[in-house]
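My numbering puts the first residue of the sequence shown at 1, with every later residue one more than the last.
Structure first, then comments.
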Amino acid sequence: MPRRVVAAVALAVAGGVLATVSVGFGAEADAGQRPVADPLRGFRQQVVKWGACPEDAGAVEGLRCASVVVPLDYRRPYGDRIRIAVSRLPGVGRGPHRPLFLNPGGPGGSALDMPASFRAEAPAAVLRQYDLIGMDPRGLGHGTALDCKLSDEREVFVDQWSYPYRRETFGKVADTSRRIAEACARAVGPEMAHFTTANTARDMDLVRGLLGAPKLSYFGVSYGTYLGAVYTQLFPQRADRIVLDSAVDPTRSWRGVSLLQAEAAGPAFDRWVAWAARHDSVYHLGRTPEQVRRTFGELLRRPGEPEPGEEIQGSYGDQLRAYMTRDAVHVKDTSEYVAAQKFGTDPVGDPDVVDNPNPVDEDGPADGTEPEGRPQPTGPASVLPSSEDPDANFYALNMVIQCGEGRDWPTGAARYRREAAAARARGSLGGDLKANVKPCAYWKIRSAEPPVTVRNTVPALIVQNQWDANTPLAGARAAHRALAGSRMVTVRNGEGHGIYLEQGNRCARDRVSAYLTTGRLPAADLTCVAPEPKP
C-alpha cells in the first residue's frame with residue numbers, strides 16, 4: 001500500500017532535494033469533530049516551500065520543486081493523505097504570469113521535466129505569459145508512489161498490452177494477466193481506488209489555488225488531453241486556456257481506446273504500402289501496393305519463434321505485426337525498417353542488420369560507460385525516485401487508471417479469447433494484440449467513482465495529426481464533439497504522436513502559440529497540410 005503522510009511532509013529523497021510543505025490541519029483532521037464549512041481548508045492553507053529539483057526534472061535555471069499534500073479521497077478529506085510533486089519554472093520577464101499546467105500523457109507519465117522541455121520549444125511570446133507548472137499525477141515516484149511488486153521484471157513493461165493471440169499460448173497470457181492483477185491488489189490494496197484521473201484533476205485545482213491563481217491554463221498531450229478534458233468538466237469556471245495535443249476519445253475509456261488503435265492501423269498500413277510502392281526504386285519492396293503487401297506477407301511467415309520462456313511474445317511475424325500496428329503511420333521509417341528486415345541491410349545506405357522487430361532505444365553502451373563526447377552530469381548526485389523502480393511505478397499507475405477506471409473490460413478470459421481469435425482470423429493487422437486478454441480482465445479493485453462524462457462548452461484548442469497510431473484521428477474528433485466549445489486544427493498528412501513539443505507542423509504549432517498568447521480561438525476549425533514525406 002502507498003506510504004501515508006502526516007501534517008508535515010518531506011519527500012523521501014537523498015539530501016532533502018525536494019522541498020517540504022507545512023500543513024496546518026489542526027483539529028479539523030479529527031474524524032470525531034464536526035467538519036468545518038470548507039473541508040479542504042487545511043489543504044488550501046498549506047505553505048508551499050520551493051526548493052531544488054531532483055536531477056530527472058531537467059537542468060534549467062530557475063526550475064524549483066515542492067511537495068504538496070492532498071487528500072487520498074476528496075469525499076473524505078479528513079482521512080488519509082498522500083503527497084504529489086510539483087515543479088515550477090517562472091515565466092520570462094516581469095509578468096504577471098498565468099500558471100500553465102503541463103502533462104505528457106501515460107497514464108502515469110511524469111510532468112516534472114515538462115517545464116524544461118516546453119521552454120525549449122515554445123516561442124518567447126508564450127513564455128512571457130506563463131509560469132510553467134509540471135505536476136506529477138498522484139501515484140508517481142517523487143510523491144506517494146504506487147508499486148505492484150511484480151516478481152517477474154518483464155511483467156512491468158507495456159508488452160502486456162500487446163500480446164498476440166495464439167491458441168497455444170492464450171492460457172499463459174491469461175495466467176500472466178491474472179497474476180499481475182492479483183499482485184497489484186496485494187501490493188497497493190483498496191487505496192488504489194482513489195488514484196484516478198478525476199482526483200488528479202482535483203489535485204490540479206488544489207495546486208492552482210496554492211499558486212494564488214483564479215484560473216488554470218493547461219497543455220496536455222495524449223492521456224494528458226483526457227486529464228485536461230476532465231478538468232474542464234469538473235471545474236468549468238476555472239478553466240482558462242486549454243490546449244489538447246493528440247487527443248484521446250473521452251467516451252471510450254479504456255478498452256475502447258486500445259481497440260480504436262487497432263482500427264486505425266488498417267488505413268495506416270494501406271497508406272504505407274501505397275507510399276512504399278511509389279518509391280520502389282529506393283526500398284525495393286514492390287512496384288505496386290499489391291507487391292508490397294506480398295513482400296510484407298512473406299516476412300510475416302518468416303521462421304522465427306521466441307526464446308524459451310518468452311512464448312507469449314509470439315513469433316517473429318507476430319512481433320513484426322506489433323511493430324507495424326504502432327509505427328506504420330511513419331511511412332519513411334517503416335519502409336526503411338521493412339527493407340532492413342527483408343534484405344538484412346538498410347538499402348538507403350547504412351548497413352544495419354536488424355534482428356529484433358521491437359528494438360529498444362539504448363542510452364549508452366551495455367557496460368554502462370558514457371559515450372565519448374556526451375556531456376557529463378554536474379552538480380549534486382542524481383536523485384532516484386522514491387519508488388524502487390521508476391518503470392514499475394509508471395506501469396503500476398498506468399494499470400491502476402486503465403483497469404480501475406475502465407468499465408468496458410470484460411471479466412474473465414472467454415470474451416477476450418473469442419474477440420482476439422476472430423481478429424486474427426480475419427487478418428486484422430493488430431486487432432488480436434489489442435483485443436487479447438489483459439490484467440484488466442482480473443482487476444478486482446475498481447475506481448471509487450466511474451469515469452467522468454465529458455460534455456461541456458468550455459473553450460479549448462485541439463491539435464491532431466491525421467496519422468497518429470497512439471491517439472487516432474477518430475478519437476480526437478470525438479473529443480472535439482464532447483467539448484462543444486473547442487476548435488480543432490487537423491494536420492493533413494501529419495505523422496506521429498504529439499505536435500507542439502515534437503517540432504511538428506509549423507502551421508499547427510503557430511495556432512497553438514497564438515491561442516496561448518492571446519486567448520482567442522480560431523473562428524472555425526482549421527486544416528493544416530504537412531508535405532508529402534520524401535524517401
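Ideal placement from N, C-alpha and C gives every residue a C-beta, glycine not left out.
Simplified DSSP state of residue 495, which is helix, strand or coil: DSSP places residue 495 in strand when its eight states are reduced to three.
Cα-Cα separation, residue 316 to residue 484: Here the alpha carbon of residue 316 sits roughly 45 Å from the alpha carbon of residue 484.
Straight-line gap, residue 436 to residue 220 (C-alpha atoms, nearest Å): So the alpha carbons of these two residues sit roughly 29 Å apart.
Complete alpha helix (DSSP H) runs within the segment 494-529 (minimum length 4 residues, chain order): With a minimum length of 4 residues, the continuous alpha helix (DSSP H) runs that stay inside the segment 494-529 are 506-518.
Whole-number beta carbon distance between residue 321 and residue 170, since they are thought to touch under 8 Å: In fact, because the Cβ distance is near 16 Å, the residues do not count as touching under 8 Å.
Status (buried if at least 16 other CB within 10 Å, exposed otherwise) for residue 75: Under this definition residue 75 is an exposed residue.
Coil, strand or helix - residue 190 by DSSP: If DSSP states are grouped into helix, strand and coil, residue 190 belongs with the helices.
DSSP three-state assignment for residue 116, whether helix, strand or coil: When secondary structure is reduced to three states using DSSP, residue 116 falls in the helix class.
Residue 352 (DSSP reduced to helix, strand or coil): Confidence at residue 352 is low in this model, with a pLDDT of 40, below 50, so its placement is unreliable and no value can be given for it.
For residue 245, the first and last residue of its enclosing beta strand (DSSP E): Segment 239-247, the beta strand (DSSP E) holding residue 245.
Pick from 244, 325 and 535 that is closest to residue 467, judged by C-alpha positions: Residue 467 has its Cα closest to that of 325, out of 244, 325 and 535.
Residue 444, buried or exposed, once every other Cβ within 10 Å from all chains shown has been counted against 16: Looking at its Cβ environment, which holds fewer than 16 other Cβ atoms inside 10 Å, residue 444 is exposed.
Endpoints, the beta strand (DSSP E) within which residue 218 is located: Looking at the DSSP string, the run of the beta strand (DSSP E) that includes residue 218 is 216-222.
Any non-hydrogen atom of the ligand SAM within 7 Å of residue 509 CB: Within the structure as shown, the ligand SAM is missing, as the structure has no ligands at all.
Residues that residue 85 bridges to, as DSSP identifies them: Paired residues: 67.
Span of the alpha helix (DSSP H) around residue 280: Residue 280 -> alpha helix (DSSP H) spans 280-283.
Contact belief for residue 479 with residue 248 at Cβ below 8 Å, rounded distance in angstroms: Yes, they are in contact, since the Cβ atoms of residue 479 and residue 248 sit about 7 Å apart, within 8 Å.
Burial state of residue 419, where buried means 16 or more other Cβ atoms lie within 10 Å: For residue 419, the number of other beta carbons within 10 angstroms of its own is at least 16, and it is reported as buried.
Beta carbon of residue 254 nearer than 8 Å to that of residue 464: A distance of 8 Å or more separates the beta carbons of residue 254 and residue 464.
Stretch-stretch touch, CB-based, cutoff 8 Å, three pairs: the segment 525-532 with the segment 484-495: Yes, the segment 525-532 touches the segment 484-495.
Which listed residue (495, 89, 143 and 246) has its alpha carbon closest to that of residue 328: Closest option to residue 328, Cα to Cα, is 495.
Under the three-state DSSP convention, the category residue 101 falls into: Per DSSP, reduced to three states, the secondary structure at residue 101 is strand.
Best match in 185, 454 and 441 for proximity to residue 227 [C-alpha to C-alpha]: Ranking 185, 454 and 441 by Cα distance to residue 227 puts 454 first.
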